[in-house]
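With positions in the sequence shown counted from 1, the corresponding number in this note's numbering is that position plus 7. Heads up, the beta-carbon is just placed ideally off N, CA and C, and yes, glycines get one too.
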Amino acid sequence: MAMGLARPGKRTRGSRRAPMAEINVTPFVDVMLVLLIIFMVTAPLLTTGVPVDLPDSRANSLPEEQDPISLSIAADGVIYLDESPLAPGELPDRLANIDRTADGQLPQVTLRADRVLDYGRVMAVMGELNRAGFNRIAMVTTGVAEQPASIAGSDDEQ
Numbered sequence: 008m009a010m011g012l013a014r015p016g017k018r019t020r021g022s023r024r025a026p027m028a029e030i031n032v033t034p035f036v037d038v039m040l041v042l043l044i045i046f047m048v049t050a051p052l053l054t055t056g057v058p059v060d061l062p063d064s065r066a067n068s069l070p071e072e073q074d075p076i077s078l079s080i081a082a083d084g085v086i087y088l089d090e091s092p093l094a095p096g097e098l099p100d101r102l103a104n105i106d107r108t109a110d111g112q113l114p115q116v117t118l119r120a121d122r123v124l125d126y127g128r129v130m131a132v133m134g135e136l137n138r139a140g141f142n143r144i145a146m147v148t149t150g151v152a153e154q155p156a157s158i159a160g161s162d163d164e165q
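This is the structure we're talking about:
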C-alpha cells in the first residue's frame, strides 16, 4: 500500500490524497448478478422445437417436469420426437426404446399438435403412446384470456 504515498519531506502540489491502488469490483458484481437473473428467467423460455400452430385453451398450466419427452405433430402430419423427424411407422419402435426414470416410471410426454390436424391423427398418436405404456401425456396449447368462440355462446346449439 506504499505505492502512492509521498515521502515525509516532500509534498506534491495540490493533491492531498494518494492514488488508489485497489480495483472496485462492486459494479462488476452488480452487472454479473443482473446477467445471472436475466439468464435464469429466460432459460426456461428457450425450449426450441418444431414450429407448430398450437390450438387455444383456457386450461391452467401444469407443473413442468425435469426432462419430459417432446412429441410434435406438424401440419403436414410428420411426427417429431425431440426435434428429430420420424419415418412413417417408426413411432412404436422409438417409444419402446425410451428408458424409464430412476423411480421406474416412464417419463412424461408433452404432445404438441398443429391445430389444422385431423382429430383422428392426434388420437392415433395418443393411442400409440398409451400402447407403449405412456400414461402421463401433457397436451401443449397456447393460453388465451377469453373463452373460444366455438363454445362461448348458445347460438350454435339451436
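Buried or exposed, going by whether 16 or more other CB atoms sit within 10 Å of the CB of residue i?
| i | result |
| --- | --- |
| Ile46 | Residue identity differs from the one stated: residue 46 is Phe in this sequence, not Ile. Answer is exposed; the Cβ neighbour count stays below 16. |
| Arg119 | buried |
| Thr117 | buried |
| Ile44 | exposed |
| Phe141 | buried |
| Ile76 | buried |
| Leu78 | buried |
| Gly96 | exposed |
| Ala25 | exposed |
Going along the chain, which residues of its own chain have a beta-carbon closer than 6 Å to the beta-carbon of residue i, five neighbours each way excluded?
| i | result |
| --- | --- |
| Val123 | Ala82 |
| Leu102 | Ala139 |
| Asp106 | none |
| Val36 | none |
| Thr108 | Pro114 |
By Cβ distance, which residues of its chain are closer than 8 Å to residue i, with the 5 residues on each side in sequence left out?
| i | result |
| --- | --- |
| Ala50 | none |
| Met133 | Leu118, Ile144 |
| Leu98 | Ile86, Leu88, Val132, Glu135 |
| Gly84 | Leu124, Arg128 |
| Val147 | Leu61, Thr117, Leu118, Arg119 |
| Ile30 | none |
Could you spell out the range, first to last residue, of the beta strand (DSSP E) harbouring residue i?
| i | result |
| --- | --- |
| Met146 | 144 to 146 |
| Val116 | 116 to 120 |
| Leu88 | 86 to 88 |
How far does the alpha helix (DSSP H) with residue i in it extend, from its first residue to its last?
| i | result |
| --- | --- |
| Ala131 | 126 to 138 |
| Leu102 | 98 to 103 |
| Leu78 | Per DSSP, Leu78 belongs to no alpha helix (DSSP H); it is in the beta strand (DSSP E), 76 to 80. |
| Asp37 | 33 to 49 |
Identify, in the order they occur along the chain, each residue of the same chain with its Cβ nearer than 7 Å to the Cβ of residue i, setting aside the five sequence neighbours on each side.
| i | result |
| --- | --- |
| Val129 | Ile80, Ala120 |
| Met27 | none |
Report the partner residues of residue i according to the DSSP bridge assignment.
| i | result |
| --- | --- |
| Thr149 | Asp63 |
| Pro92 | Tyr87 |
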